[in-house]
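> Residue numbers 0 to 135, in numbering that gives the first Met the number 0, belong to the letters of the sequence shown in order.
We put the beta carbon where it would ideally sit given N, CA and C, even for glycine.
Predicted model, so just to flag it, every value in this text is computed and none were measured.
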Amino acid sequence: MTTDRDDAEILFTNERFYAAFAGGDADEMARLWGEAGEICCLHPGWEPLFGRNRVLASWKAILQAPPPVRCVAPRVVRMGPDGGAVICWEEIGGEYLIATNLFRREGDGWRVIHHQAGPVRGAPPDPESEPGQSVN
């Protein structure tokens, strides 16, 4: 059974992800990524990175000089009781990427298990649209 609380917790974990990203906090980024099962990351223009060691090494390198990234218009897409995604826009220097962040429940919290960002045409939806809304 999925709940509004789960959606809020997924959005909160997504916010922590972008705070760590923008703030160059490699330790927090490592805490956010899943430890059980496979994880994957696809940075724009990179080949897919599989496995915790490779994913975290990529973030450690990126976070030495993090870009001024900001998450815009996040939207939860539920994937059963133990999984969810956030689709959002990443604003970096006035340009936008579209991102998909997948989350899995591990223990009593949510962990990132996949991140992918890439080019997109256009800009995020009107700010009057409801941010953080869920799709069940």
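What are the residues that DSSP puts in a beta bridge with P118?
What you label residue 118 is simply residue 119 of the sequence shown in a count that begins at 1. The partner list for P118 (beta bridge, DSSP) reads L96.
> If you check the beta carbons only, do G117 and R103 fall under 9 Å apart?
What you label residue 117 is simply residue 118 of the sequence shown in a count that begins at 1. What you label residue 103 is simply residue 104 of the sequence shown in a count that begins at 1. No, Cβ-Cβ distance for G117 and R103 is not below 9 Å.
> Would you kindly work out how many angstroms separate the C-alpha atoms of G136 and P65, rounded to a whole number?
Residue numbering for the chain in the displayed model covers 0 to 135; residue 136 lies beyond these limits and cannot be assessed.
> Enumerate, from N- to C-terminal direction, the unbroken alpha helix (DSSP H) stretches of 4 or more residues contained entirely within the stretch 25-79.
25-31 and 51-61, all fully within the stretch 25-79.
> Please report how far the alpha carbon of V75 lies from the alpha carbon of V85, in whole angstroms.
As a first step, residue 75 is located in the sequence shown; it is residue number 76 there, counting from the start. As a first step, residue 85 is located in the sequence shown; it is residue number 86 there, counting from the start. Taking the straight line from one Cα to the other gives about 5 Å.
> With distances taken Cα to Cα, identify the nearest neighbour of P123 among L96, D107 and M28.
Start at 1 with the first residue of the sequence shown, and residue 123 comes out as number 124. Nearest option by C-alpha distance: L96.
> Run through the DSSP bridge pairs and tell me what L10 is partnered with.
Looking up residue 10 in the sequence shown gives position 11. Paired residue(s): none; L10 is not in a bridge.
> Can you confirm whether the stretch 33-46 touches the stretch 5-14 when touching is taken to mean that 3 or more C-beta pairs between the two stretches lie within less than 8 Å?
No, because fewer than three Cβ pairs between the stretch 5-14 and the stretch 33-46 fall closer than 8 Å, the two stretches do not touch.
> Please report the distance separating the alpha-carbon of A29 from that of L55.
On the sequence shown, residue 29 is found 30 positions in, with the first residue counted as 1. On the sequence shown, residue 55 is found 56 positions in, with the first residue counted as 1. A29 and L55: Cα-Cα distance of roughly 6 Å.
> Whole angstroms is fine: what's the gap from A18's alpha carbon to M78's?
Residue numbering aside, residue 18 sits at position 19 when the sequence shown is read from its first letter. Residue numbering aside, residue 78 sits at position 79 when the sequence shown is read from its first letter. Each residue's Cα considered, the two are about 24 Å apart.
> Do F20 and L48 count as a contact pair if the criterion is CB distance below 9 Å?
Translated into positions along the sequence shown, residue 48 becomes position 49. Translated into positions along the sequence shown, residue 20 becomes position 21. No, they are not a contact pair.
> Given that a residue counts as buried once 16 or more other Cβ atoms are within 10 Å of its Cβ, and exposed if not, what is G22?
The count along the sequence shown starts at 1 and reaches residue 22 at position 23. With fewer than 16 other Cβ atoms within 10 Å, it is exposed.
> List the DSSP bridge partners of R110.
For this step, residue 110 is matched to residue 111 along the sequence shown. According to DSSP, R110 bridges with R103.
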